[in-house]
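First comes the structure, then the notes that go with it.
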RNA sequence: GGCGCCAUAGCCAAGUGGUAAGGCAAAGGUCUGCAAAACCUUCAUUCCCCGGUUCAAGUCCGGGUGGCGCCUCCA
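Residue numbers (the numbering used here): 2 to 461.
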């Protein structure tokens, strides 16, 4: 299997540190709000990577963090903790907010067929590990104390910026971030913050009451669960310049050697060709998609059509196209279920091999999906093709065994009634009325199919 | 200003130097209500532009142009 390593900017052959085993750490959500579909794209990438590794017979130790403390509103180590801000706005405690949004997040990823990592680590459950990490960095001379916290001294870590290929000298210091006069270098980042009395989340430390910096959690928890050197670390591309750069600095300063072999990053999702942001009101949630008649599987299928390292442009039209295609794919798979034709072993093997070749070539899901289409869209009908499709779904995770008709019992009565009225209109040759009802049903997300056996309907 | 990514049909999008996957849309056909849905068929001599390397370039190199992202909360 080859995977693209952000650190070297090359595809590299995966060589597990421990033969047959992979240690995988994936940056998880900050649970101060709902995760939007752009976030979800990154977790879909995580899931496809995970499935690929498992299918290759590798044993996984997969860790994902839940950030429930320390992630400040600004990367300049200033401003409010996101958790406290979210809590204040909602009139709840940060703990309640964390629990609430963690639950929603878990439900969301489950609905997308994203497998939950074996180890889900909450930052607040690992304060002692983080404190120990920070103390060691201070002892080693990489951390220093200011009036508001403990900071990492980038000046003592010359290779800083390797992952993002940033040259700190050329960056505009304090372009948008207020310069903290006490910091030795503008890019020095907080390992631990001293808590003002009103700060709700705070813990005792050698430097008084405080709370951890955002970056330290990933270094401390990955070290705890995966050891001093592990195989793969993933996250969104936005984490390359600051978060992951800081992780590398902290971990390597502490350990004296590298901690991660392969860094992988999922690209962003765009909306209508531009960035997704809350201020533009285009940071859609799965629930927004649902309101417009799209299921999580439609979205998963949509994302399966682009490679994880390329930006994917989200538009409602494109999603509608994905829905149509997805339903046709399910129907095509179903059509093979009871088929008795024999496709020939060579053909089946070829599809199977090409499919996995694509998957193992830096997780090329869109290419693999194309191969599935080719396997499924043949004039013959064979249960062997059906079996093949379902086995390949171990990677795709698209619920390919499902029937394209998704019943919606709570709506059945109204729909059946409308269909009956439409049938009456058709019998009376009032096709204008019949079409009006049909269009109304379509707006409700119900598609009709007139067959010799009567009217069938499906909801997508 | 600095860093980086990307440019393939109306749209989305794969593509490991060897002759352009797949999907949506569209057009034609079957069926039908001169319908929808479904199914079948068709649909890029060409990959932003200009040079170069090569027997061979969408794929490599150089230079343009354009788009986007990051450097500021972000997956």
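From the three backbone atoms N, C-alpha and C, an ideal C-beta is built for every residue, glycine too.
Residue i versus residue j: straight-line alpha-carbon distance, rounded
i	j	result
residue 154	residue 185	7 angstroms
residue 418	residue 442	11 angstroms
residue 115	residue 28	15 angstroms
residue 408	residue 415	Its pLDDT being 44, under 50, residue 408 is placed unreliably in this model, and the value from its coordinates should be taken loosely. Looking at the two C-alpha atoms, the distance is approximately 13 angstroms.
residue 128	residue 299	39 angstroms
residue 383	residue 134	58 angstroms
residue 26	residue 20	18 angstroms
residue 343	residue 361	28 angstroms
residue 117	residue 435	47 angstroms
residue 38	residue 287	6 angstroms
residue 2	residue 54	9 angstroms
residue 173	residue 166	Confidence at residue 173 is low in this model, with a pLDDT of 45, below 50, so its placement is unreliable and the value that follows should be read with caution. So the alpha carbons of these two residues sit roughly 15 angstroms apart.
residue 280	residue 372	39 angstroms
residue 87	residue 93	8 angstroms
residue 448	residue 458	6 angstroms
residue 159	residue 398	43 angstroms
residue 393	residue 103	30 angstroms
residue 204	residue 136	15 angstroms
residue 333	residue 341	15 angstroms
residue 18	residue 229	11 angstroms
residue 356	residue 403	21 angstroms
residue 183	residue 146	9 angstroms
residue 455	residue 425	13 angstroms
residue 437	residue 322	23 angstroms
residue 445	residue 423	15 angstroms
residue 236	residue 267	6 angstroms
residue 243	residue 290	31 angstroms
Which of helix, strand or coil DSSP assigns to residue i
i	result
residue 95	helix
residue 234	strand
residue 362	strand
residue 247	helix
residue 23	strand
residue 270	strand
residue 225	helix
residue 46	helix
residue 344	coil
residue 383	strand
residue 18	coil
residue 296	coil
residue 424	helix
residue 444	helix
residue 290	helix
residue 316	coil
residue 41	helix
Beta bridge counterpart(s) of residue i as assigned by DSSP
i	result
residue 13	4
residue 280	Looking at the DSSP assignment, residue 280 forms no beta bridge with any residue, so it has no partner.
residue 193	151, 213
residue 455	452
residue 311	DSSP, once it has assigned bridges, lists no residue as partnering residue 311.
residue 145	152
residue 207	209
Residue i vs residue j beta-carbon contact at 8 angstroms
i	j	result
residue 1	residue 121	Here the chain covers residues 2 to 461 and nothing more, so residue 1 does not appear.
residue 150	residue 194	yes
residue 56	residue 305	no
residue 44	residue 110	yes
residue 162	residue 192	no
residue 314	residue 274	yes
residue 364	residue 49	yes
residue 320	residue 295	yes
residue 285	residue 62	no
residue 206	residue 132	yes
residue 352	residue 376	yes
residue 245	residue 138	no
Burial state of residue i, where buried means 16 or more other Cβ atoms lie within 10 Å
i	result
residue 251	buried
residue 209	exposed
residue 217	buried
residue 219	buried
residue 429	exposed
residue 431	exposed
residue 380	exposed
residue 463	Residue 463 lies beyond the stretch modelled for the chain, which goes from 2 to 461, so this question has no answer here.
residue 42	buried
residue 233	buried
residue 24	buried
residue 189	buried
residue 141	exposed
residue 350	exposed
residue 14	exposed
The ligand NAP heavy atom lying under 7 angstroms from the CB of residue i
i	result
residue 246	Only the bare structure without any ligand can be found here, which leaves the ligand NAP out of the picture.
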